[in-house]
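The structure appears right after this line, and notes come after that.
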Amino acid sequence: MKVLAIDDQKLVLIPLESRLKELGYEVRTETNALDAIGLYDSFQPDLVIVDINIPFMSGMEVVKYIRKTKNASTPIMVLSGNTDDAVITKGFDLGINDYMKKPLSLIEVCARVKRLIGAPEANNKTIQNKGVIIQQRCVGVVIPCYNEEKRLIHKEFTDFIDKHSGYHLCFVNDGSTDKTLEVLNSLRNEREDFITVHNCEKNSGKAEAVRQGMLLMSKKEDLDYIGFLDADLSTDLTDFDDLVSTIEKSNYMIVSGSRIRRMGANITKESARSVISLVINFMIRKILSMDFKDTQCGAKIFHKEVIGISFDEKFVTQWIFDVEIFRRITLHFGLKKTKQILCEQPLRRWIHVDDSRLSMKDSIKIVGQLGQIAWSYRRKNKTVSKLKNLYKSKTVSISEIQ
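Residue numbers (the numbering used here): 16 to 417.
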């Protein structure tokens with residue numbers, strides 16, 4: 016029995032293809048609807064699974080081709096995040112057999128496949144239930160690593176991507192002097208479709224490691240959102256997934272985790288660190304002109320459209336590049352618009368991990384770096400304002416903007 020699966024996001028197709036093959040089906044996949052039509056003619060599948068929202072050529076065109084052009088009765092199952100009643104109705108009018116809304120479990124998808132075309136007779140395998148969920152969106156997560164050989168928790172990362180389709184983890188080795196790179200390559204083994212390891216030969220600091228990872232992930236066409244997370248998992252991946260859910264279901268362009276102590280949340284910090292954090296946060300609020308509770312939480316998710324604005328240029332500082340990101344967004348969109356597209360979301364869990372890379376001495380240095388940011392971006396703000404005024408008067412020249 017042959018199945019043709021069509022979706023523009025490979026991270027959705029990979030677990031689906033793997034599970035159907037485990038069940039004994041012959042499976043072919045395609046990310047381009049036009050190419051899928053050609054593959055349909057040559058492969059002659061017993062079932063077609065197709066997404067609706069495919070760039071350049073809609074999945075609905077594939078349905079029309081099968082039902083009207085080929086006049087074929089091949090069972091068609093739609094697997095899509097599109098919940099528009101008009102689209103669903105149109106699909107059934109065209110002759111689809113089933114419509115499944117993402118997100119949903121891979122077990123349910125396979126059960127519906129069996130209902131439509133039956134199960135391969137030769138298959139006697141016992142398939143382990145991993146509880147995989149087919150997601151509506153695909154997410155890249157950048158994880159900077161410096162000498163993390165002893166702290167990196169393999170199982171938490173691998174268990175998460177095994178159960179959550181649509182996630183691609185990018186570990187950036189920031190010139191580690193221990194065996195971190197060896198550990199990361201081992202972690203990637205047999206999961207190359209879901210894990211990337213980017214190696215920086217020289218240590219340049221967390222800011223540059225995150226920046227390089229974010230720009231690398233932005234080149235992957237099938238990712239909708241890209242974020243970063245600390246390697247020690249002081250914020251765990253489940254809480255990070257909550258940030259993704261927020262940006263997915265809203266008009267926010269950036270959702271930033273916040274380590275606010277509140278009822279029902281497990282937030283632990285060293286008392287001395289908490290005191291200096293209050294001082295630093297006060298200064299940050301003044302620089303950003305926004306009532307931020309916590310800019311420095313190492314868990315943030317970005318809409319792909321603002322990656323270039325946030326990360327194209329190198330950062331001025333090493334530790335508080337988060338403040339620079341928000342300052343860049345403000346310079347680009349203006350303060351009013353920035354407040355509308357930026358969300359600070361309290362975490363349910365954040366645990367201070369021993370052997371933190373940021374020492375109390377580093378925390379004191381941050382005060383000086385904040386001054387550096389205020390001065391540097393004040394100059395940029397003046398330059399941007401000058402360019403806007405010159406553009407309005409249409410008298411721009413090289414000498415005027417220098």
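For each residue, glycine too, the CB sits at the ideal point set by N, CA and C.
Predicted model only: the values in this text are computed from it and were never measured.
Quick check: what's the CA-CA separation for G267 versus T353? Here residue 267 refers to the residue found at position 252 when the sequence shown is read from its first residue. Here residue 353 refers to the residue found at position 338 when the sequence shown is read from its first residue. The question names Gly, but residue 267 in the sequence shown is Tyr. Between Y267 and T353, the C-alpha separation is close to 9 Å.
Backbone CA spacing between D23 and I67 [nearest angstrom]: For the purposes of this step, residue 23 is taken as residue 8 along the sequence shown, with counting starting at 1. For the purposes of this step, residue 67 is taken as residue 52 along the sequence shown, with counting starting at 1. Rounded to the nearest whole angstrom, the C-alpha separation of D23 and I67 is 10 Å.
Do V424 and V225 have their C-beta atoms closer together than 9 Å? The first residue shown for the chain is 16 and the last is 417, placing residue 424 beyond what the model contains.
State the CB to CB distance for the pair I340 and S325, rounded to an integer number of angstroms; the pair is presumed to be in contact (CB under 8 Å). By one-based count along the sequence shown, residue 340 stands at place 325. By one-based count along the sequence shown, residue 325 stands at place 310. That pair is a contact at about 5 Å.
Does the contact criterion of 3 or more C-beta pairs under 8 Å hold for the segment 41-52 versus the segment 153-173? no
Could you check where the alpha helix (DSSP H) with R343 kicks off and where it finishes? Residue numbering aside, residue 343 sits at position 328 when the sequence shown is read from its first letter. Per DSSP, R343 belongs to the alpha helix (DSSP H) from 336-348.
Within 10 Å of its beta-carbon, does M337 have 16 or more other beta-carbons around it, so buried, or fewer, so exposed? Position 322 of the sequence shown holds residue 337. Rather than Met, the amino acid found at residue 337 in this sequence is Asp. By the 10 Å Cβ count, D337 comes out buried.
Buried or exposed (CB count within 10 angstroms, at least 16 for buried), Q59: For the purposes of this step, residue 59 is identified with residue 44 of the sequence shown, where counting begins at 1. Burial call: exposed.
Between which two residues does the beta strand (DSSP E) carrying H179 extend? By one-based count along the sequence shown, residue 179 stands at place 164. Careful: H179 lies outside any beta strand (DSSP E) and carries neither H nor E.
Below 9 Å between beta carbons: does that hold for I132 and S180? By 1-based counting over the sequence shown, the position of residue 132 is 117. By 1-based counting over the sequence shown, the position of residue 180 is 165. Result no, Cβ atoms of I132 and S180 do not sit closer than 9 Å.
In whole angstroms, what is the alpha-carbon distance linking M115 and V124? Position 100 of the sequence shown, counted from the start, is the residue given in the question as residue 115. Position 109 of the sequence shown, counted from the start, is the residue given in the question as residue 124. Roughly 8 Å separates the two Cα atoms.
Could you tell me which residues DSSP puts in a beta bridge with Q421? The chain is shown only over 16 to 417; residue 421 falls outside these bounds and no answer can be derived.
My output table needs one value for T46: the three-state DSSP class, helix, strand or coil. Taking the first residue of the sequence shown as 1, we reach residue 46 at position 31. If DSSP states are grouped into helix, strand and coil, T46 belongs with coil.
Using only the alpha-carbon positions, how far apart do F348 and S201 sit? For the purposes of this step, residue 348 is taken as the residue at position 333 of the sequence shown. For the purposes of this step, residue 201 is taken as the residue at position 186 of the sequence shown. In a straight line, the C-alpha of F348 is about 42 Å away from that of S201.
Report, in whole angstroms, the separation of the C-beta atoms of L26 and R43, which I expect to be a contact under 8 Å. Locating residue 26 in the sequence shown gives position 11, counting from the first residue. Locating residue 43 in the sequence shown gives position 28, counting from the first residue. About 17 Å separates the two Cβ atoms, so there is no contact after all.
Taking 7 Å as the limit between beta carbons, can you name the residues of its chain near R203, skipping five residues before and five after? On the sequence shown, position 188 is the one that residue 203 refers to. So the list reads I210, V212, once near-sequence residues are dropped.
Let me know the alpha helix (DSSP H) ranges lying completely inside the segment 186-261, each 4 residues or longer, listed in chain order. Listed in chain order, they are 195-203, 221-232.
Burial state of P361 (16 or more Cβ within 10 Å): To locate residue 361, count along the sequence shown from 1; it is residue 346. Label assigned to P361: buried.
Along the alpha helix (DSSP H) that carries F317, what are the first and last residues, could you check? Within the sequence shown, the letter at position 302 stands for residue 317. Taken as a continuous stretch (DSSP letters only), F317 belongs to no alpha helix (DSSP H), being part of the beta strand (DSSP E) at 314-318.
Leaving out the 5 sequence neighbours to the left and right, which residues in its chain are closer than 6 Å to I176 when beta-carbon positions are compared? As a working mapping, residue 176 is identified with position 161 in the sequence shown. These residues qualify, in order along the chain: Y182, F209.
What separation, rounded to the nearest whole angstrom, lies between the Cα atoms of I413 and S391? Counted from its first residue, the sequence shown places residue 413 at position 398. Counted from its first residue, the sequence shown places residue 391 at position 376. Caution is warranted here: a pLDDT of 42 is assigned to I413, below 50, making its placement in the model unreliable, and no coordinate value can be reported.
Tell me which same chain residues have a C-beta within less than 6 Å of the C-beta of I103, skipping the five on either side of it? Start at 1 with the first residue of the sequence shown, and residue 103 comes out as number 88. Only Y114 meet the Cβ criterion.
Buried versus exposed call for L199 [16 or more other C-beta atoms within 10 Å across all chains shown]: One-based indexing of the sequence shown puts residue 199 at position 184. L199 comes out buried.
I'd like to know whether the C-beta atoms of D309 and R274 end up nearer to each other than 9 Å. By one-based count along the sequence shown, residue 309 stands at place 294. By one-based count along the sequence shown, residue 274 stands at place 259. Yes.
So, is T46 buried or exposed, given that buried needs 16 or more other C-beta atoms within 10 angstroms? Position 31 of the sequence shown, counting from 1, holds the residue named residue 46. Buried.
So within the segment 67-142, which uninterrupted beta strand (DSSP E) runs reach at least 3 residues, ignoring any that extend past its ends? 91-95, 113-116
Tell me the DSSP secondary structure of L19 in three-state form. By 1-based counting over the sequence shown, the position of residue 19 is 4. Three-state DSSP puts L19 in a strand.
In whole angstroms, give me the CA-to-CA distance for N218 and N188. Here residue 218 is taken as the residue at index 203 of the sequence shown, counted from 1. Here residue 188 is taken as the residue at index 173 of the sequence shown, counted from 1. It is roughly 9 Å from the alpha-carbon of N218 to the alpha-carbon of N188.
Are I111 and V128 touching if we call contact CB-CB under 9 Å? For the purposes of this step, residue 111 is identified with residue 96 of the sequence shown, where counting begins at 1. For the purposes of this step, residue 128 is identified with residue 113 of the sequence shown, where counting begins at 1. In this structure, V128 does not lie closer than 9 Å to I111 by Cβ.
Would you mind sorting D100 into buried or exposed? The rule is 16 or more other CB atoms within 10 Å of its CB. Taking the sequence shown and counting its residues from 1, the one referred to as residue 100 is at position 85. Under this definition D100 is an exposed residue.
Minimum C-alpha distance to L385 - residue among E320, M298, M305, K315: Here the question's residue 385 lines up with position 370 in the sequence shown. For L385, the nearest C-alpha among the options comes from M298.
My output table needs one value for E263: the three-state DSSP class, helix, strand or coil. Taking the first residue of the sequence shown as position 1, residue 263 is located at position 248. For E263, the secondary structure class from DSSP, reduced to helix, strand or coil, is helix.
P70 burial status per 10 Å Cβ neighbour count (16 or more: buried): By one-based count along the sequence shown, residue 70 stands at place 55. Exposed, because fewer than 16 other Cβ atoms sit within 10 Å of the Cβ of P70.
When burial is assigned at 16 or more other CB atoms within 10 Å of the CB, is E320 buried or exposed? On the sequence shown, position 305 is the one that residue 320 refers to. Burial call: exposed.
Helix, strand or coil at V27 [DSSP, three-state]: The sequence position of residue 27 within the sequence shown is 12, counting from 1. Residue state, collapsed to three classes: helix.
Can you tell me the Cα-Cα spacing of K178 and R393, whole angstroms? Within the sequence shown, residue 178 is the residue found at index 163, counting from 1. Within the sequence shown, residue 393 is the residue found at index 378, counting from 1. Looking at the two C-alpha atoms, the distance is approximately 46 Å.
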